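Reading through the structure tokens given below for one structure.
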Amino acid sequence: MARLAVIQFPGSNCEYETARAASKAGFDAKIVRWNFPADELAKFDAYILPGGFSYQDRVRAGAISAKLPVVGVLAEAAHEGKPILGICNGCQILAEAGLIPDLSGNQEVSVALARNVRDGQLLGFMCDWIFVKPQRPEKSLFMRYFLESDVLPIPINHGEGRFVLKPEVNVEDYASFVFCDSHGVVSDAANPNGSYLNLAGLSNQKGNVLAMMPHPERSAFSKQIPISIDSPWTAQKFEDVDGPWMKLFLAMREAA
Amino acid sequence: MNLSSQELSQIETLLDRKPTLVETYIFDTMWSEHCSYKSTKDTLKEFLPTKGSEVALGIGEDSGIIRFTKHNGKQYCIAISHESHNHPSQILPVEGAATGVGGVVRDVYCMGADVIGVLNSLHFGINKDNQSPLVDEIAENVVLGVSDYANPLGVPVLGGETLYHPSYNDNCLVNVAALGLVDEAKIIHSFVPKEAEHEPYDVILIGKSTDATGFGGASFSSATLDKNDQATNIGAVQVHDPFLKRVIVEALKVLFKTIDDQKISVGFKDLGAGGISCAASEIAVGGGFGVDVNLDHVNVAVDNLLPEVIACSETQERFCLVVPETFTQTVLDIFNIQFEMPKLYLKAGASVIGKVTKAQQFILRHKGEIVCNLPVTSITTEVKADRHATDRQIPKTTTEIFPEISLEKIQEIGSKILSNPNNKSKRPIYRFFDNAVRGDSILYPGETDAVVVTPIEGCNTGLAVSIDSNLYGHHDPYVSGAAAVAESIRNVIAVGARPIAVTDCLNYGNPQKPDVFFDFREGVKGIADACNALGFIPNEPIPIISGNVSLYNESKTGSAIIPSPVIVVVGRIEDYRNVCLMQLQKENQTLILIGKRYAEFGGTQISTILNQPFSVAPQVRFDEEAAQNQLIHTLITQKNLTACHDISAGGLWVTITEMLLGERGRTRVGAELTLTDSLVTTLFSENGGYVIAINADNKETVIQTLKTSDVTYQEIGKTIPEKTLTINSVSIPLTTLNNYREN
């Protein structure tokens, strides 16, 4: 059974439901603390950095966690091709650690998650359900069950989720998730936080590291889908089946 | 300090000497209204029903606990604490509201429970003609404060309510309730266990390093706010650190598991009002022991803090634990080494600060001197303040006749009601609150009357929660209590759950004023009567398992809040898949109004628009409410309804609008209503009731059930494919209704 480490940073707060979704997908999921011995951590087959507010978002969200020794283990694992998923605060940590998109393989930091802004207005924390669609799913091991035509409901819960990229990063080179409306149209109106090119998530070059701001673990079971959103998934709410995002964890497990 | 000269001399008599400075501060806290309930205890005991066959732990410790469901051989319970943080939020709204959340969750964690959600009830003033801009600033910052704490802590905000009234201009209300999940066999108590008779026990302080914040907080919260004391008051507000709390909570999970594995008996209590002095003395007193604490062993954030500050400051994110000496090192290792707390925040962590003693004495030492030496009995001495109520006649029946008005005029009134901040969509507020962390949310805020979560992994039992209050207090203090309970119960019933427990937070003005004390007593009576009358278990009330009283919600200029009791009801639904939804989904559903409408408009939404001085508030008729609740519960359980929504503020008009618009205005169908009785009463009366929707297939069965019941009902119309609301001859596009509500 593939062994997954869900890394608990000081201030993580989504580790339990993330481990639950991953277990349902067939992982042997274990929550391990940030100070877990490096040699032991290196033995896992896959890693998830869960959501939360590690180190109180001091300096910038994810900035301090990205400097922890555990991130050295993750960099090595990324190099070896193991699947690594960062969700929300985990996404911010992967960006601050230079693990996405990792242009030249030397962990240069070229992505930042900035504060939510629309029309020049700071928005603060946002809790909402939005839609995303995969782009170039063939370039990511996480997206093997997704199609470019998919429109996937998912919640966002963040104050700093606006992707900002260095000019040399060409998004076309990577798999990504982008914000869209309920019909799959990618537009400014469907961009909740002012993210560059509507980016909601971004892969690394090799396709084994994925950083995403929305929460797939909160849309992994049909019962989690709110009844009031505009999605065919609401019809299955009470059927106790997998939600739209279980396939992400499944694909991750199969690759581990 | 807030002790009266009479109380000071009472202390001297009790001790037979003058108290030391530290002791005086301790009495100031323990005898404050906030801690002692000295004005209100008798009334609460006289009226409130607190017992029930499902109560696992009644009022007395930090949280009350109600049995929820059995799963895999375990009896799962819900622990609830319900508190106010009004005064601090008026002075420093972000910190005040944030520590309101921080404090109430500690009450639940310290029972050994894991917090699964919080609810908030926020009452703000009205900035009329931009004359009171501070009111808006407070409202905005209170919302940020709640979000600043709950989101990082990782507890979902499972709903709330926001009310606006000019009486809150000088005193906002911030009430927060926290709900926790705990296995009944693993409840931890907040007193020294009896094992301390036979083996030495240490007192361990856990959490943030102690500083001077919140010094005098309990006493300040028990007084009338005075603008001239602003600087002192600011120091009395605590400072929040949800990040540190999250780490502590994770460490507590390891601690609780170790305690359970090794079968260790412990006592555990949070530090709230009065800081170390209150927590350490109460944990000892509760078990019949004493404690000997050395303040020099307290981890302090800054040097040279005065002993009374170390003893009484209300620094946040701290807990007090008593464990056998042999287990102490294990505890210290969990917090200081495994979770590296001293590396995360200056001098945070766990440290031994004293010992449990058999002598029932409360001793505090500082730099070699004894600064406090009190018999524990002196601390637990019942302190009482005699308060008097002046009765006044509250009109209960009305002969007021409402002039019938045209449909056009009704449409205008309706639009004003929907655009009123009290009835508008609260999405702009709750979008700041994470409502889905933990991954257990099923029905989200705004989607239905109550939020539903499935808190136990692998178990389909749903927990339904609602928090409610109203603006009837000015007209009828009894009704404000009774109606809050009745509405909260309806909200839980409307999703298909059975109410199992109630908590209350009673917000009033200065109890020394006989009028205010009358209001308070009436409110408590109303709550008690509703709990007694609306139970679901034969011959049992719905028990009140936790509560709080907040008095002196008035400013020195004399403006007091209207009586504002706030109620939480929690309910159980055996299987979340059987929940009933609020929004109308399909066309050709029959719509039925349940519950008689009365022309009682005091304090209602229409009364503020018509600006007419109606005298009688919407009465709560318990027999009618109970019959309606039982009926709706049965109909939902038998899957006979396709939608259900309760009637409260704004009446049938708001109910039907919300059923059409849903949480975010994504409409599915319209409705066509034919109303024959007085339009004003039918549409805008706020007496308790429901609107239900039924399929053609079920219509006959439901009508038959209604006919044989004691419930007043009326078929009012049906759903239609056109996206309009038609009342008799007037049609309003749903988009128009949505604009009123959203903009």
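One line per chain: the protein sequences are A and Z, in this order.
So the first sequence is residues 1262 to 1517, counted in the working numbering.
So the second sequence is residues 6 to 748, counted in the working numbering.
By construction, the Cβ of each residue, glycine as well, lies at the ideal position given by its N, Cα and C atoms.
Owing to the predicted nature of the structure, the values given are computational and were not obtained by experimental measurement.
Beta-bridge pairing of residue i - partner residues as DSSP gives them
{"i": "Z:Arg-370", "result": "Z:Asn-299, Z:Ile-375"}
{"i": "Z:Ser-89", "result": "Z:Asn-180"}
{"i": "A:Cys-1352", "result": "DSSP, once it has assigned bridges, lists no residue as partnering A:Cys-1352."}
{"i": "Z:Ser-9", "result": "Paired residue(s): none; Z:Ser-9 is not in a bridge."}
{"i": "Z:Ile-641", "result": "The partner list for Z:Ile-641 (beta bridge, DSSP) is empty, contrary to what the question assumes."}
{"i": "A:Met-1473", "result": "A:Ile-1348, A:Gly-1462"}
{"i": "Z:Val-507", "result": "Z:Ile-549, Z:Val-574"}
{"i": "A:Pro-1395", "result": "A:Phe-1438"}
{"i": "A:Ile-1417", "result": "A:Asp-1389"}
Proximal residues to residue i (C-beta, below 7 Å), its chain only, five neighbours per side dropped
{"i": "Z:Val-254", "result": "Tyr-114"}
{"i": "Z:Pro-138", "result": "Asn-132"}
{"i": "A:Thr-1495", "result": "Ile-1486, Ile-1488"}
{"i": "Z:Arg-323", "result": "Leu-210, Ile-211, Gly-212, Lys-213, Leu-276"}
Of the listed residues the options, nearest to residue i (C-alpha basis)
{"i": "Z:Gly-295", "options": "Z:Asn-378, Z:Asn-341, Z:Arg-323", "result": "Z:Asn-378"}
{"i": "A:Tyr-1216", "options": "A:Arg-1514, A:Val-1320, A:Ala-1307, A:Arg-1397", "result": "Since the first residue of chain A shown is 1262 and the last is 1517, residue 1216 of chain A is not available in this structure."}
{"i": "Z:Ser-493", "options": "Z:Gly-514, Z:Val-571, Z:Leu-163, Z:Asn-703", "result": "Z:Val-571"}
{"i": "Z:Met-6", "options": "Z:Leu-19, Z:Glu-17, Z:Thr-29, Z:Thr-18", "result": "Z:Thr-29"}
{"i": "A:Ala-1373", "options": "A:Met-1473, A:His-1340, A:Ala-1516, A:Ile-1292", "result": "A:Met-1473"}
{"i": "Z:Phe-73", "options": "Z:Glu-66, Z:Asp-67, Z:Ala-61", "result": "Z:Ala-61"}
{"i": "Z:Glu-409", "options": "Z:Ser-683, Z:Leu-730, Z:Val-109, Z:Ile-70", "result": "Z:Ser-683"}
{"i": "A:Ser-1464", "options": "A:Trp-1494, A:Leu-1364, A:Phe-1270", "result": "A:Leu-1364"}
{"i": "Z:Val-716", "options": "Z:Ser-734, Z:Val-696, Z:Ser-37", "result": "Z:Val-696"}
{"i": "Z:Thr-706", "options": "Z:Val-507, Z:Gly-419, Z:Gln-643, Z:Pro-347", "result": "Z:Gln-643"}
{"i": "Z:Ala-394", "options": "Z:Ser-44, Z:Ser-9, Z:Asn-748", "result": "Z:Ser-44"}
{"i": "A:Ile-1415", "options": "A:Arg-1423, A:Val-1370, A:Cys-1388, A:Val-1430", "result": "A:Cys-1388"}
{"i": "Z:Val-497", "options": "Z:Lys-429, Z:Leu-556, Z:Pro-460, Z:Met-587", "result": "Z:Met-587"}
{"i": "Z:Ile-461", "options": "Z:Thr-48, Z:Gly-164, Z:Cys-82, Z:Gly-486", "result": "Z:Cys-82"}
{"i": "Z:Ala-103", "options": "Z:Leu-149, Z:Pro-568, Z:Leu-369", "result": "Z:Leu-149"}
{"i": "Z:Ser-37", "options": "Z:Thr-386, Z:Phe-261, Z:Leu-310, Z:Asp-580", "result": "Z:Thr-386"}
{"i": "Z:Ala-118", "options": "Z:Asp-509, Z:Ser-446, Z:Val-160, Z:Ala-144", "result": "Z:Val-160"}
{"i": "A:Glu-1369", "options": "A:Glu-1429, A:Glu-1500, A:Asn-1469, A:Cys-1441", "result": "A:Glu-1429"}
{"i": "A:Ser-1483", "options": "Z:Asp-445, Z:Ala-316, Z:Asn-146, Z:Lys-56", "result": "Z:Asp-445"}
Whole-angstrom distance between residue j and residue i, CA atom to CA atom
{"i": "A:Arg-1294", "j": "A:Phe-1314", "result": "15 Å"}
{"i": "A:Tyr-1308", "j": "A:Ala-1266", "result": "5 Å"}
{"i": "Z:Leu-640", "j": "Z:Ala-631", "result": "14 Å"}
{"i": "Z:Leu-476", "j": "Z:Ala-502", "result": "26 Å"}
{"i": "Z:Val-327", "j": "Z:Gln-343", "result": "20 Å"}
{"i": "Z:Gln-633", "j": "A:Ile-1490", "result": "31 Å"}
{"i": "A:Met-1249", "j": "A:Ala-1481", "result": "Here chain A covers residues 1262 to 1517 and nothing more, so residue 1249 of chain A does not appear."}
{"i": "A:Asn-1367", "j": "A:Gly-1272", "result": "28 Å"}
{"i": "Z:Gly-563", "j": "Z:Ile-549", "result": "32 Å"}
{"i": "Z:Ile-71", "j": "Z:Asn-553", "result": "17 Å"}
{"i": "Z:Leu-337", "j": "Z:Lys-421", "result": "60 Å"}
{"i": "Z:Phe-541", "j": "Z:Leu-168", "result": "29 Å"}
{"i": "Z:Asp-628", "j": "Z:Pro-568", "result": "25 Å"}
{"i": "Z:Ser-424", "j": "A:Ala-1356", "result": "43 Å"}
Within-8 Å CB hit, residue i to chain B
{"i": "A:Phe-1386", "result": "The displayed structure is made up of protein chains A and Z, and chain B is not among them."}
Cut-off 6 Å between Cβ atoms - residues of its own chain near residue i, not counting five sequence neighbours on either side
{"i": "Z:Gly-107", "result": "Tyr-154, His-245, Gln-321"}
{"i": "Z:Glu-330", "result": "Pro-205, Asp-207"}
{"i": "A:Ala-1516", "result": "Pro-1344, Leu-1402"}
{"i": "A:Leu-1332", "result": "Sequence check: residue 1332 of chain A is Val here, not Leu. Contacts found: Ala-1358."}
{"i": "A:Glu-1276", "result": "Val-1267, Gln-1269, Ile-1292, Pro-1311"}
Same chain, Cβ closer than 8 Å to residue i, five either side skipped, listed in chain order
{"i": "Z:Gln-590", "result": "Thr-647, Ala-648, Arg-673, Val-674"}
{"i": "A:Gln-1466", "result": "Pro-1362, Asp-1363, Leu-1364, Gly-1366, Asp-1434, Tyr-1435"}
Cβ-heavy atom distance, residue i to the ligand ZN, below 7 Å
{"i": "Z:Thr-45", "result": "Only the bare structure without any ligand can be found here, which leaves the ligand ZN out of the picture."}
Tell me, please, whether the region 113-127 of chain Z touches the region 142-156 of chain Z by the rule of three or more beta-carbon pairs shorter than 8 Å.
By the Cβ rule, the region 113-127 of chain Z counts as touching the region 142-156 of chain Z, because three or more pairs are nearer than 8 Å.
Can you confirm whether the region 168-181 of chain Z touches the region 256-270 of chain Z when touching is taken to mean that 3 or more C-beta pairs between the two stretches lie within less than 8 Å?
The region 256-270 of chain Z vs the region 168-181 of chain Z: no contact.
Cβ contact check for the region 21-30 of chain Z and the region 365-381 of chain Z: 3 or more pairs under 8 Å:
A contact exists between the region 21-30 of chain Z and the region 365-381 of chain Z.
If you pair each beta-carbon of the region 357-366 of chain Z with each one of the region 192-206 of chain Z, do three or more pairs fall below 8 Å?
These segments touch.
Segment contact, 8 Å Cβ cut-off, at least three pairs: the region 285-304 of chain Z with the region 185-196 of chain Z
A contact exists between the region 285-304 of chain Z and the region 185-196 of chain Z.
Taking one C-beta from the region 454-471 of chain Z and one from the region 612-622 of chain Z each time, how about it: are there three or more such pairs within less than 8 Å?
Counting C-beta pairs with one atom in each stretch, the region 454-471 of chain Z and the region 612-622 of chain Z have fewer than three that are closer than 8 Å, which means they do not touch.
Is there contact here, the region 414-432 of chain Z with the region 49-63 of chain Z, by at least three beta-carbon pairs under 8 Å?
The region 414-432 of chain Z, when compared against the region 49-63 of chain Z, does not touch it at the 8 Å Cβ threshold.
Kindly confirm or deny that the region 308-318 of chain Z and the region 341-356 of chain Z touch, where touching means at least three C-beta pairs closer than 8 Å.
Under the 8 Å Cβ criterion, the region 308-318 of chain Z does not count as touching the region 341-356 of chain Z, having fewer than three qualifying pairs.
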